[in-house]
Structures are given as C-alpha cells and as structure tokens.
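First up is the structure itself, then whatever we jot down about it.
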Amino acid sequence: MAELRNPWRTFGKVALAIGVPLTAVALILAALAFVIEAAAFGLFISAGSVGINGLVWLIIGVCCWNYFKNLADRYNWLWNEGEHYDAEVLEIVQTNTFRFNRSCSAYAECSYKNSEGKICLVRSTLFMLDFNFYGNNEFAAKVYVNKRDPSDYFVDLALRGAEEIEADYDYR
C-alpha cells in the first residue's frame, strides 16, 4: 500500500527550504556590512528585510514540522498501545486548506465496529489527494483507538493496490 502525504510535513519542508537560505543570505549581508563600512547602512537595511522574511519562513517551517512530529509521535504511541480495528471509508471530503500543483488536502470519514459491537464514526487527519482520484474503494483504512479514551484515535489510510483487493476471479 502506498503511503499518503501529510500536508503539514510538505508545507514544513517548503517553508524550511525558503527560510534557511533567506536567513543565511541575511547573515552574509550583515557580515559584509561590518567588513565594508562605506555602504553599511544600505547593506544593513537589505540584510534586515531579507532576515525578517527568512525568519518568518523559518518559524513557519519549524512550527509545521513540529506539528507533524507531534502527530507522528501520537500515532506511534496509539499504534503500539491502542486497539486497532479495520474501518470502512464512507466518504472522502476535499478541503481547500492546502493546494499544491495537482493535489489538494482532504480527509476521510470512516466507520468501524468496536469490541462491544457498536458502530463508531471517525474522521482522519488531513492528507494530500490527487485530483484524478476515483473513489472511496481506493483506500484501505485502520483505526487505532486509545483503550482508556475512545475519542483519542487516529485513522491510518493507505492507497490500496489492485493486487490487494480480494476477488473471486482474476481476469487480468
């Protein structure tokens, strides 16, 4: 099964890729301003504007990356310590939160039957969905639930390959 892309990780990488070079350029310009004292005022202004822009992108990238790492740690804990159930994907809902090239962010609404036999409805976190997606049957879903708090869960979605669909007849 193919892993789905997390938009927080993707946006964090993009913001860090913009912020780190801009901050480095600002530091180089500030160092040049100290060496060349004649045009120091102009270099300080440009270093300051580039540095502020770079720091803003750097802070955004670090925050997004930190949010993704916290999600990943929580998922790993639930995967190891929680109960897991097979889930059925009811609906894929596209959102306009993130849009990159030919993909947008989306979440899945799923249902599963818990150990007591009751049907529970859950929602996945955001993931990146390609615009040429065909339907709900493309996804395999598992739900990992905290044993003490059933409202603490995460939905593990993956794209299902054609070889993983159980069929009575295979006419390929």
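Following our numbering, the numbering of the sequence shown begins with 32 at its first residue and continues without gaps.
The beta carbon of each residue, even a glycine, is placed where N, CA and C say it ideally should be.
A quick note: this is a predicted structure, and the numbers were derived from the prediction, not measured.
Between Glu114 and Lys173, the gap from beta carbon to beta carbon reaches 8 Å or more.
Taking 8 Å as the cut-off, the Cβ atoms of Leu102 and Thr156 count as close. In this structure Trp88 is buried. Its beta-carbon is surrounded by 16 or more other beta-carbon atoms within 10 angstroms.
Non-local C-beta neighbours of Ser136 in its own chain, meaning closer than 8 Å and more than five positions away in sequence, comprise Pro38, Gln125, Thr126, Asn127, Thr128, Phe129, Arg130, Leu157, Phe158, Met159, Leu160, ordered along the chain. Annotation for Ile59: the continuous alpha helix (DSSP H) segment containing it runs 38-66.
Rounded to the nearest angstrom, the Cβ distance from Gly50 to Gly82 is 11 Å, too far for a contact under 8 Å. Leu121 sits close to Glu140, with the two beta carbons spaced by under 8 Å.
By the 16-neighbour rule on beta-carbons within 10 angstroms, Leu152 is exposed. Approximately 23 Å separates the beta-carbon atoms of Ser142 and Glu112; this is outside 8 Å, ruling out the contact.
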